[in-house]
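Protein chains in written order, with numbering that gives the first Met the number 0: chain L, 0 to 103; chain Z, 0 to 103.
Shown next, in structure tokens, is the structure this report addresses.
Protein chains: 2
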Amino acid sequence: MNQRPRHVIRAGVIKALAHPSRTLIVETLTDGERSVGELTSLVGADISTVSKHLAIMKKAGIVVVEKRGLNQYYRLACPCFLDFLRCVDFIAGVNADGASCRAA
Amino acid sequence: MNQRPRHVIRAGVIKALAHPSRTLIVETLTDGERSVGELTSLVGADISTVSKHLAIMKKAGIVVVEKRGLNQYYRLACPCFLDFLRCVDFIAGVNADGASCRAA
DNA sequence: ACAATCATTGGCCGTTTTACCAACCATCCA
DNA sequence: TGGATGGTTGGTAAAACGGCCAATGATTGT
Numbered sequence: 000m001n002q003r004p005r006h007v008i009r010a011g012v013i014k015a016l017a018h019p020s021r022t023l024i025v026e027t028l029t030d031g032e033r034s035v036g037e038l039t040s041l042v043g044a045d046i047s048t049v050s051k052h053l054a055i056m057k058k059a060g061i062v063v064v065e066k067r068g069l070n071q072y073y074r075l076a077c078p079c080f081l082d083f084l085r086c087v088d089f090i091a092g093v094n095a096d097g098a099s100c101r102a103a
Numbered sequence: 000m001n002q003r004p005r006h007v008i009r010a011g012v013i014k015a016l017a018h019p020s021r022t023l024i025v026e027t028l029t030d031g032e033r034s035v036g037e038l039t040s041l042v043g044a045d046i047s048t049v050s051k052h053l054a055i056m057k058k059a060g061i062v063v064v065e066k067r068g069l070n071q072y073y074r075l076a077c078p079c080f081l082d083f084l085r086c087v088d089f090i091a092g093v094n095a096d097g098a099s100c101r102a103a
């Protein structure tokens with residue numbers, strides 16, 4: 000069904016994480032679901048901006064949303080983001096300290 | 000030394016991967032080092048374009064370069080990218096198939 | 001029905017990204 | 001030294017991104 004090459008698909012997912020606000024949101028959601036209003040306070044931007052960030056991540060399959068009452072609650076689609084961020088931190092560590100990179 | 004918040008640092012690394020050509024390059028480098036010319040053939044863009052992609056990833060600490068003779072050989076700074084891409088594929092799979100996401 | 005709250009969507013605009021070409025730097029060999 | 005090969009850098013133009021504001025749903029309570 001999806002005929003895009005693998006690296007394009009992968010880049011699409013990665014791109015949806017490639018913004019400081021979105022990374023912050025993902026970090027926060029590892030701790031459990033949050034409403035858009037809560038995430039807006041966290042990020043410190045206009046709620047419309049945060050809503051668009053969430054839409055991007057939803058489209059990429061990174062988060063899922065559930066409506067309860069007046070609120071939309073977002074949570075991670077996948078717990079494996081902890082591993083994901085660990086990989087990222089390895090690279091960041093190499094970059095910052097010149098530390099050697101050991102396997103997971 | 001680095002006082003930027005963690006999520007900004009993380010986003011910087013992720014951003015350096017967030018392009019189809021760069022993802023393709025990383026995939027290829029998991030198989031071993033390549034020269035700029037080889038990567039240019041792979042990507043199918045101008046060599047100057049590929050050179051700039053590599054510079055972005057080098058600055059982010061994702062790749063390292065070694066000059067031997069006339070060639071610049073790039074390789075991954077860290078073998079953990081296999082894990083990294085596996086995480087990405089989990090998300091991509093959820094997105095594409097609606098498949099459930101199991102832990103690593 | 002009306003008002004209040006939570007969130008999404010459209011529009012505008014400044015910034016960033018990306019691609020190509022051209023020019024330049026570096027290395028090796030004749 | 002001159003030429004060929006391999007790569008980087010600067011310039012520029014098109015496209016994508018990201019932010020806020022304003023307007024529009026959607027849901028709940030009065």
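Glycine included, every Cβ here is placed at the ideal spot set by N, Cα and C.
- Within 10 angstroms of the beta-carbon of Lys51 of chain L lie fewer than 16 other beta-carbons, which makes it exposed.
- As the crow flies, the alpha-carbon of Glu37 of chain Z is around 37 Å from that of Glu26 of chain L.
- DSSP, reduced to helix, strand and coil, places Leu75 of chain Z within a strand of the structure shown.
- Checking the DSSP bridge columns, you'll see Glu65 of chain Z partnered with Z:Tyr72.
- Looking only at Z:Val64, Z:Met56, Z:Gly43, Z:Gly31, the smallest Cα-Cα distance to Lys14 of chain Z is reached by Z:Met56.
- Look at Arg5 of chain L here: in three-state DSSP terms it is helix.
- Cβ contact annotation for Gln71 of chain Z (same chain, cutoff 7 Å, sequence separation greater than five): Ser34, Val35, Val64, in chain order.
- The CB of Ala54 of chain L never comes closer than 9 Å to any CB in chain Z; the least such distance is about 14 Å.
- Residue nearest to Pro78 of chain Z within the set Z:Ile61, Z:Lys66, Z:Ala44 is Z:Ile61 (criterion: CA-CA distance).
- The beta carbon of Val49 of chain L sits no closer than 8 Å to any beta carbon of chain Z.
- In this structure Thr39 of chain L is buried. Its beta-carbon is surrounded by 16 or more other beta-carbon atoms within 10 angstroms.
- Nearest in C-alpha terms to Gly43 of chain L, of all of L:Phe83, L:Pro19, L:Val12, is L:Pro19.
- Straight across, the Cα-Cα distance linking Tyr73 of chain Z with Glu32 of chain Z is about 5 Å.
- Leaving aside the five residues that flank Ala76 of chain L on each side, the residues in its chain whose CB is nearer than 8 Å to its CB run, in chain order, Gly60, Ile61, Val62, Val63.
- Contact of Leu28 of chain Z with chain L by beta-carbon distance below 7 Å is absent, the smallest such distance being about 12 Å.
- Burial of Ala10 of chain Z is indicated by the presence of at least 16 other C-beta atoms within 10 angstroms of its C-beta.
- Take the alpha-carbon of Leu53 of chain Z and the one of Lys66 of chain L: they are about 43 Å apart.
- Partner residues in the beta bridge of Arg33 of chain L, as assigned by DSSP, are L:Tyr73.
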